[in-house]
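In this note's numbering, the protein residues as written are 3 to 207.
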Amino acid sequence: MPFILPSLPYSFDALEPHLDARTMELHHGKHHAGYVEKLNAALAKYPDLSNQPIETLLRSLSSLPEEIRPAVRNHGGGHFNHSLFWKIMAPDGGGEPTGELAAAITSAFGDLKSFQEKFSAAALGQFGSGWAWLAADNTGKLSIISSPNQDSPLSAGEMPILGLDIWEHAYYLKYQNRRADYISAWWNVVSWPVVAANLSASRNL
Ligand code: MN3
């Protein structure tokens, strides 16, 4: 099986009280695991493709065989998006970015508070299931994107460096219909050093 579920880099309860342990356990062990399983099943007949990094498949979605394109878009997107999501959160998260990332945010959005307001509004305004993203283009310029379902910014030529899962499975147990409360709590677990490393990596592609 070429694609594997990555381990969480912390325990299920590490992001309490902002993200509850039961949600984390189900989200990682059932939802993310399900995307990996279905992606592998879809690619079983295509060993040449299943040996590629998931980023490569998502970037070249339109050139994939038609019969597997929806599965890569949905389950491959789900695998990549969640792998990023777990990494950009940490129990000692929150606070403010520094260095190059702080400068890029200021340049694109004015200041951190304005960025967080715009990002939160994008997350709140995404109708139905989807994601909000901070993404970098190939010049390092940042933008806020929202996407439906498991669509990845990679397929639109952008490199996501921060992402927020706004499917109900990500927050419903603790927050029910209060998506805005989930979004504002989530800022407390964002790991800015990881986001900064993602930005640096995107410039070296
Ligand atoms: Mn999810």
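Idealized CB from N, CA, C, for every residue including glycine.
Residue pairing for Ile146: DSSP places it in a beta bridge opposite Leu136. Within the chosen limit of 8 Å, the ligand MN3 does not reach the beta carbon of Phe82 with any heavy atom. The beta carbon of Trp169 sits closer than 6 Å to those of Ser131, all from its chain and outside the five residues before and after it, given in chain order. Annotation: the continuous beta strand (DSSP E) that includes Asp167 extends over Met161 to Asp167. Under the DSSP assignment, Tyr37 falls in the alpha helix (DSSP H) whose first and last residues are Ala35 to Ala44. Straight-line spacing of the CA atoms in Ala134 and Ile6 works out to 24 Å.
Proximity of the beta carbon of Phe87 to the ligand MN3 is indicated: a heavy atom of the ligand is located closer than 8 Å.
Distances taken from the Cβ of Ala35 to the heavy atoms of the ligand MN3 include none shorter than 8 Å. Out of Ala125, Leu144 and Asn140, the CA that lies nearest to the CA of Arg181 is found in Ala125.
Taking a 10 Å sphere around the C-beta of Ala172, we find 16 or more other C-beta atoms and assign the residue as buried. A distance below 6 Å between beta-carbons, with the five flanking residues on each side excluded, links Pro8 to the following residues of its chain, in chain order: Ser85. Here Asp50 is exposed. Its C-beta has fewer than 16 other C-beta atoms within 10 Å. Contact check for Asn151 against Asn42 fails: the beta carbons are separated by 9 Å or more. At least one heavy atom of the ligand MN3 falls within 8 Å of the beta-carbon of Asp167. Taking 8 Å as the cut-off, the C-beta of His20 does not count as close to any heavy atom of the ligand MN3.
Setting aside the 5 residues that flank it on each side, Leu164 is surrounded in the same chain by Ile90, Leu136 and Val197, each with a C-beta closer than 6 Å to its C-beta; the list follows chain order. For Asp50, the uninterrupted alpha helix (DSSP H) run begins and ends at Pro49 to Ser52, by DSSP.
Relative to the non-hydrogen atoms of the ligand MN3, the Cβ of His77 never comes closer than 8 Å to any of them.
For Ala125, the CB stays at least 8 Å from every heavy atom of the ligand MN3. Rounded to the nearest whole angstrom, the CA to CA distance from Trp194 to Gly112 is 18 Å. In this structure, Pro93 places its C-beta atom within 9 Å of the C-beta atom of Leu17. Taking C-beta atoms as the reference points, Pro19 and Ser52 fail to come closer than 9 Å.
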